[in-house]
Structure formats: C-alpha cells, structure tokens
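Going by UniProt numbering, the sequence shown opens with residue 1, and the numbers climb by one from there.
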Amino acid sequence: MIVIDQVSKQFKDKKQLVKAVDYISLNIKEGNVVGLIGENGAGKTTLLRMLCTLIAPDEGTITIDGDNIYTHKEKVRHRLGVLFGSETGLYNRLTARENLEYFGSLYGMSAHDIKNQIEMLAKRFGMRKYLDRRVEGFSKGMKQKVAIARTLIHDPNIVLFDEPTTGLDITSATIFREFIYQFKGEGKTIIFSTHIMDEIAQLCDDIIMMHKGQIVYEGKLEELYETENSRDLNYLFTSKIVRGDLYV
Ligand SMILES: Nc1ncnc2c1ncn2[C@@H]1O[C@H](COP(=O)(O)OP(=O)(O)O)[C@@H](O)[C@H]1O
Ligand SMILES: [Mg+2]
Numbered sequence: 001m002i003v004i005d006q007v008s009k010q011f012k013d014k015k016q017l018v019k020a021v022d023y024i025s026l027n028i029k030e031g032n033v034v035g036l037i038g039e040n041g042a043g044k045t046t047l048l049r050m051l052c053t054l055i056a057p058d059e060g061t062i063t064i065d066g067d068n069i070y071t072h073k074e075k076v077r078h079r080l081g082v083l084f085g086s087e088t089g090l091y092n093r094l095t096a097r098e099n100l101e102y103f104g105s106l107y108g109m110s111a112h113d114i115k116n117q118i119e120m121l122a123k124r125f126g127m128r129k130y131l132d133r134r135v136e137g138f139s140k141g142m143k144q145k146v147a148i149a150r151t152l153i154h155d156p157n158i159v160l161f162d163e164p165t166t167g168l169d170i171t172s173a174t175i176f177r178e179f180i181y182q183f184k185g186e187g188k189t190i191i192f193s194t195h196i197m198d199e200i201a202q203l204c205d206d207i208i209m210m211h212k213g214q215i216v217y218e219g220k221l222e223e224l225y226e227t228e229n230s231r232d233l234n235y236l237f238t239s240k241i242v243r244g245d246l247y248v
C-alpha cells in the first residue's frame, strides 16, 4: 500500500509561488492500475516525481508498505520502476541487451539475474530478434519496448509512467497499452498519467483526477460511473472541474 499523507510542494516561478501539489492525501492499493489525469499544470508530474523520490515534498509523508520513502530510499528504489514521458533514456550506441544489462547493473543485480530477466522480457515483448542490435536504428515502437523492459529489469512491484503515450504514434501507444493490459492482475501496481480518457477507461481500476494541485476525484472508476450516472469520462472530468467538486 502506498500512503500519501498531506503532501505539498511549491515552486518559485518568476518570484511567484506555485502550489504544484496542495496538501493531498491518497491511499493506493497494491495490484491496482491507477490512471492519473488532469490538465497541464495540474501537478501530475510533481506528484510522480515525489513518489519516486526524485524530489522531496515540502510537507507531508509518503510511505510504501509502511516505509517512509525518504528514509528508505534505497529499498524503495528497488521496488519502483519509473518511465518519464516518451523519452526512453536509452543509449543509442549500445544494443538493446547492453542497455538492459547496464540498467540492471545499476540496481546491483547479478549477471545471472540480469541474463534471466532479459530473456523473460525479450520473450514477453517480442524483442528477441533485435536484442543484439544497436538501439540507434530502432523504430519508436521498438525503442518503447526496450524502454518499458528497462523499467522492469529489476522486477519492481510498483511501476510509474508519466505520460507514456504522449507523442507516440498509434503502434507504439498500442504497445504500451498492451503491456499494461498484460500486467493487469499480476499483482503489480501501475500508476500512469495520461491525457487520453480512452486509456483510462480501457485500462484502469482506479482514477485520480487532479486540478490545480488538488484531488478532484479519487476512487474506483466503476463507482464514479455509477454515482454520476455516466460513463463519459471527458464529460465527468470537465464537470468535476467546472463544478469545483473538491473533497480534499
Ligand atoms: N521545477 C519547477 N519549477 C517551477 N515550477 C514548476 C516546476 N515543476 C512544476 N512547476 C509548476 O508546478 C505546476 C504543476 O506542474 P506539473 O506537476 O508539471 O503538472 P502536470 O504534470 O500536471 O502538467 C505548474 O504550474 C508548473 O509550472
Ligand atoms: Mg506533466
């Protein structure tokens, strides 16, 4: 269980203070696929960056299975897989396998474990054919697969993706969605931000709607549909924001 308790983060932007995340509290259960939506500037990236210990909150605490993520950084890092944007972070001059080996070694994995994990991921993502080719010649879709494999090399049980399909073509976006679909029900917790309501509708158990650093709605997607008597997420999102239906 991930527990976010009264977490806030401000930034100074041209001498003005911006409340990027404004005292939010959330519980995220293990094994759920959680969609994070909100307009640009809502605070999604800031929240995800705090969750993976890239930045520290000004106030509040985040714990994963009872461990404060800032005092147990190393432990938490091993449990998390993170992919920000559609930037793959891969080294073009290395082969797919070398990239995966490199990232595995950063987690202190043994050569044996890295080899086995690469085998499993290559099979899973259909990457065997190009595992030993340099990444520089890869299509966006192939790179995306290697990037997803990279986030999974150390077998994390929580995976965070910040707008993983933004800027991707249809094929690469589909690859990503298929991946989430495959992982549903395998006990991994997946949290991803997106602007695409269909992705939420197809893939998520839970939804977090953010607006101006606050949470506008958080809970089961099915419950939202039921209480609001609509399955139109675009409509529901807009109306939650327009009505200012904040319950934080
Ligand atoms: N490093 C930063 N410096 C200054 N302002 C920032 C920084 N990061 C985010 N912000 C501001 O915080 C707010 C939330 O940003 P962000 O978390 O990126 O939102 P989202 O990912 O939902 O688009 C925005 O107003 C943004 O301009
Ligand atoms: Mg963002």
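A virtual CB, placed ideally from N, CA and C, is assigned to each residue, including glycine.
* Quick one: Cα of THR63 to Cα of LYS73, how far? -> 11 Å
* With distances taken Cα to Cα, identify the nearest neighbour of ARG124 among VAL242, VAL146, LEU221. => VAL146
* To do: Kindly list the residues whose CB is nearer than 8 Å to the CB of LEU224, restricted to its own chain and excluding five residues on each side of it in sequence; keep chain order.
  => ILE207, TYR217, LEU236
* Span separating the alpha-carbon of MET142 from that of LYS15 -> 43 Å
* Asked: If you measure from each residue's Cβ to the nearest non-hydrogen atom of ligand 1, which ones come out under 6 Å, in chain order?
  -> PHE11, ASP13, VAL18, ALA20, GLY38, ASN40, GLY41, ALA42, GLY43, LYS44, THR45, THR46
* Please look up how many angstroms separate the CB atoms of CYS33 and LEU203, rounded, as I've assumed it's under 8 Å. => According to the sequence as given, residue 33 is Val; it is not Cys. Confirmed, Cβ separation roughly 6 Å.
* Asked: Can you name, in chain order, every residue of its own chain whose Cβ lies under 7 Å from the Cβ of PHE103, other than the five neighbours on each side?
  -> ARG150, ILE153
* **Range covered by the alpha helix (DSSP H) that runs through TYR113** => At residue 113 the sequence reads Asp, which differs from the Tyr that was named. Start and end: 111-124.
* **Element boundaries [alpha helix (DSSP H), containing THR238]** => 233-242
* List the endpoints of the continuous beta strand (DSSP E) containing LEU26. => 16-28
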